[in-house]
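So the protein sequences, as listed, match chains A and B.
Residue numbers for the first sequence follow our numbering, so the first one is 6 and each next one is one higher.
Residue numbers for the second sequence follow our numbering, so the first one is 6 and each next one is one higher.
Protein chains: 2
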Amino acid sequence: MGSSLNKPLSDRVEDINNQSSMIYDPWRHRGDVNSTYHSSSSVTHRRRNHRLSPLEKQKMKNIQSLNFSVNDNLLQREEYEKTTKGLHLKKTFGKWIICLFLGVIVGCIAYVIKMVVQLLQGLKFHYTNHYVSNGLQGEAFLTFLGINLLFVFLSCLMVIVAGPLASSSGIPEVKGILNGVKVREALGFRALLGKIVSLVLSFSSGLFVGPEGPMIHIGSAVGAAISQFKSSTMGFYPSLFLSYRNDRDKRDFISIGAATGLAAAFGAPIGGVLFSIEEVSSFWSRQLTWRTFFTCVIAAFTTNFLLQGIGSSPDMHDTGLLTFGFSRLYLFRYSELLCFCFLGLIGGLLGAFFVFLNIHLNKWRKEKLKQNPYLRLFEALFVSVVTSVVCYYASFIFDCRYQSNIVIETSVCEDQSNTEMVQFFCPDGMYSELGSLLFGNPDQALRRLYSRTNNMFTLPPLLVFTLISLFFSIWSSGLWVAGGLFVPMMMVGAGFGRLFGQTISMWFTNIDSSIYALVGSAAMMAGYCRMTVCIVVIMVELTEGTQYLVPIILAVMISKWVGDFFNESVYEHLMEQKSIPFLQSKPPHSTNNIRISDVMSKNVVVLPEVCQVRLLVNILNSNNHNAFPVINSGPYDNQRLYRGIILRDHILVLLFYRVFYRGTGEEIYLDENFDFDKFTTETSKSPPPLSEMNFDQFELDSFIDLRPYMNSSGVTIHNTFSFVEAYKLFRNMGLRHLPVIDINNEVVGMVTRNDLF
Amino acid sequence: MGSSLNKPLSDRVEDINNQSSMIYDPWRHRGDVNSTYHSSSSVTHRRRNHRLSPLEKQKMKNIQSLNFSVNDNLLQREEYEKTTKGLHLKKTFGKWIICLFLGVIVGCIAYVIKMVVQLLQGLKFHYTNHYVSNGLQGEAFLTFLGINLLFVFLSCLMVIVAGPLASSSGIPEVKGILNGVKVREALGFRALLGKIVSLVLSFSSGLFVGPEGPMIHIGSAVGAAISQFKSSTMGFYPSLFLSYRNDRDKRDFISIGAATGLAAAFGAPIGGVLFSIEEVSSFWSRQLTWRTFFTCVIAAFTTNFLLQGIGSSPDMHDTGLLTFGFSRLYLFRYSELLCFCFLGLIGGLLGAFFVFLNIHLNKWRKEKLKQNPYLRLFEALFVSVVTSVVCYYASFIFDCRYQSNIVIETSVCEDQSNTEMVQFFCPDGMYSELGSLLFGNPDQALRRLYSRTNNMFTLPPLLVFTLISLFFSIWSSGLWVAGGLFVPMMMVGAGFGRLFGQTISMWFTNIDSSIYALVGSAAMMAGYCRMTVCIVVIMVELTEGTQYLVPIILAVMISKWVGDFFNESVYEHLMEQKSIPFLQSKPPHSTNNIRISDVMSKNVVVLPEVCQVRLLVNILNSNNHNAFPVINSGPYDNQRLYRGIILRDHILVLLFYRVFYRGTGEEIYLDENFDFDKFTTETSKSPPPLSEMNFDQFELDSFIDLRPYMNSSGVTIHNTFSFVEAYKLFRNMGLRHLPVIDINNEVVGMVTRNDLF
């Protein structure tokens, strides 16, 4: 409901704000102290007062909310009387079936992505290594660069074709949708397909992007798609999924999908559930925990099952897109906890630094490059060229080392493949340190960084690696290619962690720098996205051991605290940049002394219970409000007593199907041809546009009875409410419209997301 | 607000139900179909229609709710205007400090309990084994029995002294409190102390009880105590903790405390967080996740640190009250998943069976033994005798086995102490199988059951052990001693799991029965308490490995489904037995076609905004309602227009301090001596009883202005609401009173927990 965009039409509708002035208002007992210094526009509501430009503000104002409340009208109530226990069971059972399919599909997608990436990277390194092994530096580089550029070009092209929603990780959009913000087409089929293809190509291209963020978006999109199972383009609306075709059930499936995407990507089902609880979801229930867990397990199991195949080995082991065989025998000392705290501090600082630079870079991009596909394509290609050059030529800075330098400790039962290093242009029996980290898959680099073998790397290459990966992570995030931040951040963290571990091992004995790498990764992740439990669990699930729980937890905590001192998580900032009015679970303290009557939209357009079609059409045409309180004029005829609320879309459907009132007096007449099923089916589609409905004179003179179709259980508040309490009510109940009534039950205002944000 | 217990006094207050009869009611359009077949008493609301006896119903009706909403009155608003950012920061910082202390204290309690139990059990077995090694069966048994009886006697005595709230696990009470039910003294100092002592003694006595459930209760009690930091008996109310002294903040600390108790008991911080999210807490927020996690880590770390000591070994490893060195090398095959499903099925069946028998046994206890301490004490001693006899003499059923039969596989790097068996009365070099399981600590028995060594036990002793432990778990739960169910259930599960594993290993090769024991434990736990993610995480944290995630998850899921088919979780049933009106997150389907006007209490007692003391005292004396809507009589004087709501306790404080109205007309006069601090301090204490206030005639003729003290942001609903939507609003917002208004904003009803349950 836009704020006072239009004057109401109906003659019954008048500004009655002054009408109740003789009634005691608990805010105004001391003159007009409050009424002056809070104007409606000065509501700053974020924990940190971000300054939004007028354009950004306007953009946010235009964003609509999703409709999480049940439309509890007469039809619904009649339907309830008919529904048996069997139907409820059927609906619940159907949800489990959808979850099963969701898990299997997301698992398969994760498998396909992993396989195709493996294939593409294999091809790239196959051709490049052909020249490398022949010692042809120039040719090798050109091949490397050429293939990378091709991948980035195609990846960026996919984004241009499928729209910018296919780029980046998509987590801010998912978070916004789960908070109740309508982000158009974010979970559409085009964005889904574009993201999958773009992700495969960008991840193969050697850019510093990871697959996890996009997998979360992909999971959410699959969840939205499979639960709705309709197509507006194809006009395909099967009735089987009708009962799930509302924003509320859709939200639950999107929550599940997001968790599932992460679970499949990391092979971490518990981590997935916690990610959904802690980070993306705004509404949660116990039932959802259980269903999400089920779906995550199915997805992780599917990926795992496909990766191993059933024929080759009957043993099973759970692996995800990224798993490390981490050693389990070493224990650390109490005194080392101080070092882990230090790693947490570094992680928090670097994380906050990352967020700062990334956000400013994205702002610059938004201003300079805008949505221009040529500039965006050029930028992506440019980043790719620089990345390729640096990754290729950085290896030449340092001398080659002898493979025989690496001594594997006997106490470690480690996967030996981790220690295979990259020879690059080194003589036989020697290896290139930076080449082993930069010239290959990120997975392999991470495995090497997490390796137990302490003397694998020297300090300078680790430092250079950390700086390079930090720099390119910042630069690559926000390009018009699909890509997440988890893996790049883990690389940065593992880099500085191992660097630190090896540094202090010069003074102290028995330091295992692999733990430091692990802890560094966790700290870095906590530093940029400010999650806690979720990161700890993911790290535990990745490394398959709980021995390092205490150091990881310590580092994550400190990192989060340090990061929070400087700025908010990268998702919060990105949501703001993308004009997604996200409502935090609590309003900021600065709103404590605002009253709801200061911020509510005062010129509410209301509809009478029985309304002439002519009037209705005029009212609908004259504004763009999405909901209208339905009023009863009461015994004194100039009143507008609140009775219920009805959505514009529902009125449009009623008008389109000519559900006119044929009764008399106060009796309610229900159209036989327009029962609950019909109403639900039609309102779940996109509503017909008003302009295409042509009413003849007779129809315009008819009446529509809104009472059977309005929501009689809509939450309202009195105008004595404080902002804070109204916010909590709005946020906790997931409302879209919150009518404000006065002492006489007359509608005096309307609160929507835009008034609260 | 009890339902229509008294007739209202005020002359303005009349039954105005018929007044709005000419106004359209969306429920009544088809005659009086609805109005007849829903009477107020027929609301059955549980998923399964439990039949409550009239006495039980009456008991539940008398139970009050906690007050989670902010009392947003004029004083509060004035206070907000004064509060600076620094004060908010101070409050947040204070919460972290409280969490830190909470973690340390709970960790220390867990350590003390573990140490004392170790000492007591050590003494017991020291004296018993003295006779055992001399071959004196009779003397050994009498010593064993005598010490067990002494422990049980003292443990039961503690419960008799401290009240029945110190018995059992206390999880239902904590769950109820977190849902908003006022369970008197459940978290009091007496219950806390009684529970700690009783737990130590009962756990040492060889009864089939575990320490985890009580630890959760202890954690919650510590959380409540430390955050409130007051004593009503000692009249000690420091102002430092004033801002946390409300039900809302207390609830959060209790949630954290419950998680922390579990985390300290199991050494499983993530499991603790998930337990709080999944099982006990009804209200959760993202901030809470983070704070709970911090506290859990602190507690687990404290216990761990104390157990290991800093001097002896500089290495650290995380262990809780119960940890197993589980082997990590073995992988299972896909075909075995079927077996794990079967274990899930068994776990679900046994779990449901356990719940069924336990509930009926408790019902029998409640009817026959009542609260009679002698009977209760006798019962506990009787169970102890039978347990001691069975645990002691069962070992003689089976022949001794040669210690040399146990072959430790070389591939396993296991803690060798696990395989040390109990010799009991066997010749040297031999051991008693049942003695190793029943004659010793539960921890040791569990360790042996989870041991990798396959040929440690034969099938018949395992079967007998499973049956014995199932039988005694059922019998012991509900005795008047403190004790939980986690460990006994794990033992049952491990028993049948290992039994099953060893049985099928007769036909198939390479079966590791230790995995089966682990999976069996998980299945059994899921079968009786119906948790999912939490159990999986606890098992992972206990065994320190994620390799067996898939089997555990599979078994837990199937077990939960199977169990849910038969009955609800043991906590749901116990809450009902304890007359705790717990509100599930969703109302049951059977309430779909009830309207809120059918169930609301119709004879609401209202108060005018400015009220004569005489009238007020009369009204307060004439009923036991806890809140009163404050009304304005409007321009037509016989109306009762809703303006706000005020609690009885707050009125009592106002009366006690003679905060009388001295103004005139509509102007509001605030008493200078009764500001926000004073109001908060006084209302956070127990209110003075009305009977002790003696008013003189002048005072009785005075007026009280309720407007500055009433809650102006109280949520209300219209009488057109459906039961389901009102329930959701009430439950999600954690309300205590929900006034119902009609089309004229007149108060026509009141909804409280008792109307919804």
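Even for Gly, the Cβ is constructed at its ideal location relative to N, Cα and C.
For clarity, every value in this text was computed on a predicted model and none was experimentally measured.
I want to see whether chain A comes within less than 8 Å of residue i, judged by CB atoms only; does it?
| i | result |
| --- | --- |
| L734(B) | yes |
| V756(B) | no |
| E704(B) | no |
| E283(B) | yes |
| S40(B) | A caution first: S40(B) carries a pLDDT of 37, below 50, which makes its placement in the model too unreliable to give a value. |
| M738(B) | yes |
| L743(B) | no |
| N775(B) | With chain B covering 6 to 762 only, the question about residue 775(B) has no answer from this structure. |
Compare the C-alpha of residue i against each of the options and name the closest.
| i | options | result |
| --- | --- | --- |
| I557(B) | G262(A), P274(A), F735(A), Y398(A) | P274(A) |
| P447(A) | K119(A), G99(A), C113(A) | K119(A) |
| G483(B) | L159(B), V75(B), K583(B) | K583(B) |
| S260(B) | R189(B), K235(B), N184(B), L311(B) | N184(B) |
| L620(B) | T297(B), M580(B), Q702(B) | Q702(B) |
| V825(B) | T596(B), K368(B), S627(B), R600(B) | Nothing can be reported for residue 825(B): it is not among the residues displayed for chain B, which extend from 6 to 762. |
Compare the C-beta of residue i with all C-beta atoms of chain B and state if any pair is closer than 8 Å.
| i | result |
| --- | --- |
| R248(A) | The question names Arg, but residue 248(A) in the sequence shown is Ser. No, S248(A) lies away from the interface with chain B (no Cβ there is under 8 Å from its Cβ). |
| T308(A) | no |
| L646(A) | yes |
| M530(A) | no |
| E425(A) | no |
| R189(A) | no |
So residue i contacts chain B; which residues on that side make the cut at Cβ distance below 7 Å?
| i | result |
| --- | --- |
| E730(A) | V75, D77, S718 |
| M562(A) | F299 |
| H93(A) | H594 |
| V278(A) | V538 |
Express the C-alpha separation of residue j and residue i in angstroms, rounding to a whole number.
| i | j | result |
| --- | --- | --- |
| I650(A) | Y641(B) | 28 Å |
| G352(B) | L504(B) | 13 Å |
| S207(A) | E384(A) | 14 Å |
| T725(B) | N251(A) | 23 Å |
| Q313(B) | C344(A) | 21 Å |
| S474(B) | F213(B) | 7 Å |
| L547(B) | P493(B) | 16 Å |
| H222(A) | F728(B) | 37 Å |
| S232(A) | S602(B) | 35 Å |
| N572(A) | R370(A) | 20 Å |
| M544(A) | V360(B) | 37 Å |
| L147(B) | S290(B) | 54 Å |
| P692(A) | N78(A) | 19 Å |
| V48(A) | R457(A) | A caution first: V48(A) carries a pLDDT of 40, below 50, which makes its placement in the model too unreliable to give a value. |
Below 9 Å on C-beta distance, what does residue i contact in chain A?
| i | result |
| --- | --- |
| K90(B) | H594, S595 |
| R256(B) | Here the premise fails: no neighbours, minimum Cβ distance about 15 Å. |
What does residue i touch in chain B if you count any residue whose Cβ is under 9 Å from its own?
| i | result |
| --- | --- |
| T537(A) | T294, W295, F298, F299 |
Exercise. Which whole runs of the alpha helix (DSSP H) in the segment 623-689 of chain B are 4 residues long or more, in chain order?
Worked result: 653-661, 681-689
For this session: Write down every uninterrupted run of the alpha helix (DSSP H) in the segment 81-153 of chain A whose length is 4 residues or greater and which is fully enclosed by it, in chain order.
Result: 90-138
For this session: Would you list, in sequence order, the uninterrupted beta strand (DSSP E) runs of no fewer than 3 residues that lie entirely inside the segment 572-628 of chain B?
Result: 615-617
For this session: List in chain order: all unbroken alpha helix (DSSP H) runs of 4+ residues lying wholly within the segment 328-410 of chain A.
Result: 341-373, 378-398
Exercise. What are the start and end residues of each continuous alpha helix (DSSP H) run of 4 or more residues lying completely inside the segment 156-193 of chain A, in chain order?
Worked result: 176-184
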